[in-house]
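The block underneath contains the structure these notes are about, expressed in structure tokens.
Numbering (the UniProt record's numbering), first residue to last: 1 to 342.
Here it is as structure tokens:
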């Protein structure tokens with residue numbers, strides 16, 4: 001059986017990444033592509049690297065007939081996404097790539113995103129889309145909320161350690177570097193080549209980054225008590241990739257064992273041998289996440305490092321992984337492509 005899907009927001013980076021991944025998926029057909037600002041154009045004109053594909057032209061969301069659409073990917077900005085999804089058919093399965101349904105408490109959403117939630121009833125229905133930890137709930141869900149790419153990276157490093165009780169919950173420092181595609185495709189002065197290249201900088205310093213809402217929600221629920229990490233993201237002059245370095249108090253051996261046990265049999269999470277550090281160049285363009293553990297020179301201190309591609313495992317690849325579960329397809333379908341190197 002072939003399932004028909006629609007992608008809303010297809011002219012952004014995550015929309016294009018979804019098309020790239022789905023193009024060779026044996027069980028999914030792209031039936032509609034929406035991008036209001038570029039409606040009427042061919043997808044190959046907006047993204048020339050996709051011009052070899054036989055794709056429907058871009059249309060407005062209002063032009064899509066959702067009859068016969070089995071699942072919809074919503075790759076729209078936050079706030080816009082909740083408004084659009086609220087107007088979609090109630091029996092339509094949806095994977096949302098925005099931030100709009102990640103936080104379970106509407107008050108938390110308003111705190112981190114600055115506006116009241118427009119569809120709190122749907123927020124209560126949504127399942128958090130970190131696949132490896134919510135697999136059963138995702139398979140049964142109608143609406144899945146994709147995680148933030150930074151939030152996914154930090155959680156792959158830290159969730160097993162919190163669950164196993166092998167680190168001090170009050171001493172977690174997370175230092176993260178992200179490629180510029182994580183900021184989206186819209187024009188921004190600070191993302192111009194002359195502004196960004198030949199250097200990198202910290203942003204949202206001091207605990208203001210919105211993905212902290214996800215860390216607070218998920219880590220505190222896991223620990224059964226409030227957990228707040230110290231987190232600083234950095235923007236680097238690279239197109240893709242996230243590299244996160246965590247500094248924790250705990251024994252390296254126990255930490256490595258906890259990670260290896262948590263991800264034993266997981267197809268997309270690779271725990272490296274003790275002492276090896278991952279690199280973004282080894283996961284580029286793939287749905288894989290590499291996690292490494294290195295003992296610190298100080299006894300009882302350990303460094304945990306994770307790398308993933310923010311557009312794939314951090315967003316569109318994760319979305320397709322979740323869609324596979326929702327459509328009762330093998331979870332890895334369309335996602336086992338090897339990373340691009342060099």
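The beta carbon of each residue, even a glycine, is placed where N, CA and C say it ideally should be. Quick caveat, the model's predicted, so the values are computed rather than measured.
Residue i versus residue j: straight-line alpha-carbon distance, rounded
{"i": "residue 202", "j": "residue 99", "result": "21 Å"}
{"i": "residue 6", "j": "residue 240", "result": "25 Å"}
{"i": "residue 323", "j": "residue 188", "result": "31 Å"}
{"i": "residue 90", "j": "residue 84", "result": "12 Å"}
{"i": "residue 76", "j": "residue 35", "result": "9 Å"}
{"i": "residue 68", "j": "residue 209", "result": "39 Å"}
{"i": "residue 185", "j": "residue 277", "result": "30 Å"}
{"i": "residue 140", "j": "residue 330", "result": "14 Å"}
{"i": "residue 118", "j": "residue 25", "result": "34 Å"}
{"i": "residue 223", "j": "residue 48", "result": "47 Å"}
{"i": "residue 280", "j": "residue 245", "result": "12 Å"}
{"i": "residue 211", "j": "residue 327", "result": "28 Å"}
Rounded Cβ spacing between residue i and residue j (contact assumed at less than 8 Å)
{"i": "residue 251", "j": "residue 302", "result": "7 Å"}
{"i": "residue 73", "j": "residue 59", "result": "So it is not a contact: roughly 15 Å between Cβ atoms."}
{"i": "residue 248", "j": "residue 171", "result": "7 Å"}
{"i": "residue 354", "j": "residue 291", "result": "With the chain running from 1 to 342 in the structure shown, residue 354 is simply not present."}
{"i": "residue 153", "j": "residue 314", "result": "7 Å"}
{"i": "residue 310", "j": "residue 149", "result": "4 Å"}
{"i": "residue 283", "j": "residue 233", "result": "That pair is no contact at about 18 Å."}
Test: residue i CB closer than 9 Å to a CB of chain C
{"i": "residue 323", "result": "In the structure shown, chain C does not exist; there is a single protein chain."}
Which of helix, strand or coil DSSP assigns to residue i
{"i": "residue 160", "result": "helix"}
{"i": "residue 231", "result": "strand"}
{"i": "residue 73", "result": "strand"}
{"i": "residue 313", "result": "helix"}
{"i": "residue 23", "result": "coil"}
{"i": "residue 34", "result": "strand"}
{"i": "residue 340", "result": "coil"}
{"i": "residue 132", "result": "helix"}
{"i": "residue 13", "result": "helix"}
{"i": "residue 7", "result": "strand"}
Limits of the unbroken beta strand (DSSP E) element including residue i
{"i": "residue 171", "result": "Premise fails: residue 171 is in no beta strand (DSSP E) and is neither H nor E."}
{"i": "residue 302", "result": "301–308"}
{"i": "residue 93", "result": "93–96"}
{"i": "residue 249", "result": "242–249"}
Segment limits, alpha helix (DSSP H) that includes residue i
{"i": "residue 111", "result": "106–113"}
{"i": "residue 275", "result": "No alpha helix (DSSP H) holds residue 275; DSSP gives it neither H nor E."}
{"i": "residue 120", "result": "120–125"}
{"i": "residue 83", "result": "80–86"}
{"i": "residue 270", "result": "Looking at the DSSP string, residue 270 is not in any alpha helix (DSSP H); the run it does join, the beta strand (DSSP E), is 269–271."}
Does the stretch 125–133 touch the stretch 66–82, meaning 3 or more C-beta pairs lie closer than 8 Å?
Not touching, per the Cβ criterion.
Could you tell me whether the stretch 31–45 touches the stretch 107–121, where touching means 3 or more Cβ pairs closer than 8 Å?
No, they do not touch.
Quick one: any contact between the stretch 217–228 and the stretch 255–274, if contact means 3 or more CB pairs under 8 Å?
Taking 8 Å as the limit for Cβ pairs, the verdict is that the stretch 255–274 does not touch the stretch 217–228.
Answer yes if the stretch 223–243 comes into contact with the stretch 167–186, meaning at least three C-beta pairs across the two stretches below 8 Å, and no otherwise.
The answer is yes - the stretch 223–243 touches the stretch 167–186, with three or more Cβ pairs under 8 Å.
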